[in-house]
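A.B. asks: Attaching a single structure in structure tokens format; questions to follow.
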Amino acid sequence: DAGVIQSPRHEVTEMGQEVTLRCKPISGHDYLFWYRQTMMQGLELLVYFNNKAVMDDSGMPKDRFSAKMPNASFSTLKIQPSEPRDSAVYFCASTPSGGYYGYTFGSGTRLTVV
Amino acid sequence: GEDVEQSLFLSVREGDSSVINCTYTDSSSTYLYWYKQEPGAGLQLLTYIFSNMDMKQDQRLTVLLNKKDKHLSLRIADTQTGDSAIYFCAESRYSSASKIIFGSGTRLSIRP
């Protein structure tokens, strides 16, 4: 298995532009998580899905962020409009039902908003 | 509360043992995990322990769980430069098994 695949690895964009981050979870994993990591805040859970349905998006700024999972093998995290404070590394992770196996993380997308 | 707490930094001499500590608050924790994050990479699951166990050993890694004190530790024997990373403690709970709570991470640095 190729693991959790995220794209792009790096993204530099100007303030106000739309940014879309993509994630392909491991086949058969029912849960998908989006995290943001910064030096100041550490690892923050933004949103997670179970069987494509949003379970908890309380960590996500809803005025500019949106997350979708149109099918079991693909998810997007969109930021519109982007701001410099959104600069961070965004991780996607997936796990099978039960979660006792722990999460498998992708390599992350480093977003820089200038 | 949902706190998993770790110290932020640890510096160890190469060849010595490293001990990274973690405390958690929820007594219903089922599995406890240690993740390793190397620079520029995602978090990688190092090891985990079920809450009815006291200890788990895997090569140079030893995990100790004190359920009474809600204290988890990771010991790395013979620490090498390749062990330099951030180590995250995490827990999952019976009430929400698929949602794992992460600590803030301990940055381990190795000095010669």
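Chains as they are written, first to last, in this note's numbering: chain A, 1 to 114; chain B, 1001 to 1112.
Note that beta-carbon positions come from the ideal geometry of N, C-alpha and C, so glycine has one too.
Owing to the predicted nature of the structure, the values given are computational and were not obtained by experimental measurement.
From the beta carbon of Ala1090/B, is the nearest beta carbon of chain A less than 9 Å away?
C.D. replies: By this cut-off, Ala1090/B is an interface position.
A.B. asks: Within 9 Å of any Cβ in chain A, is that where the Cβ of Phe1009/B sits?
C.D. replies: Closer than 9 Å: no.
A.B. asks: Determine the burial state of Leu1113/B: buried for a count of at least 16 other Cβ atoms within 10 Å of its Cβ, exposed for fewer.
C.D. replies: Because chain B spans 1001 through 1112 in this model, residue 1113/B falls outside it and cannot be assessed.
A.B. asks: Quick one: what does DSSP say Arg9/A is sitting in, helix, strand or coil?
C.D. replies: Here Arg9/A sits in coil by DSSP.
A.B. asks: Measure the C-alpha to C-alpha separation of Gly1001/B and Thr1030/B and round it to an integer number of angstroms.
C.D. replies: Annotation note: pLDDT 48 at Gly1001/B (below 50); position unreliable, coordinate value reported separately. Distance between the alpha carbons of Gly1001/B and Thr1030/B: 16 Å.
A.B. asks: I'd like to know if Ala88/A contacts chain B, where contact means its C-beta is closer than 9 Å to some C-beta of that chain.
C.D. replies: Not one chain B Cβ lies under 9 Å of Ala88/A.
A.B. asks: Using Cβ-Cβ distances below 9 Å, what residues of the segment 1033-1050 of chain B are close to chain A?
C.D. replies: Residues Tyr1033, Tyr1035, Gln1037, Gly1040, Ala1041, Gly1042, Leu1043, Gln1044, Leu1045, Tyr1048 and Phe1050.
A.B. asks: Counting only the same chain and skipping the five closest in sequence on each side, list residues whose C-beta sits under 7 Å from that of Lys1068/B.
C.D. replies: Cβ neighbours of Lys1068/B beyond the five flanking positions: none.
A.B. asks: Answer yes or no: does any C-beta atom of chain B fall closer than 9 Å to that of Val4/A?
C.D. replies: So, interface residue.
A.B. asks: Exposed or buried, what is Met15/A when buried is set at 16 or more other beta-carbons lying within 10 Å of its beta-carbon?
C.D. replies: Exposed, by the Cβ-count rule.
A.B. asks: Measure the CB-CB distance between Asp56/A and Ser97/A and report whether it falls below 9 Å.
C.D. replies: No, these two residues do not count as a Cβ contact at 9 Å.
A.B. asks: Quick one: grab the DSSP three-state call for Gly106/A.
C.D. replies: Here Gly106/A sits in coil by DSSP.
A.B. asks: Does the beta carbon of Thr1023/B come closer than 9 Å to any beta carbon on chain A?
C.D. replies: It does not; no Cβ of chain A falls within 9 Å.
A.B. asks: Should Thr1062/B be flagged as near chain A, meaning a C-beta pair shorter than 9 Å?
C.D. replies: Closer than 9 Å: no.
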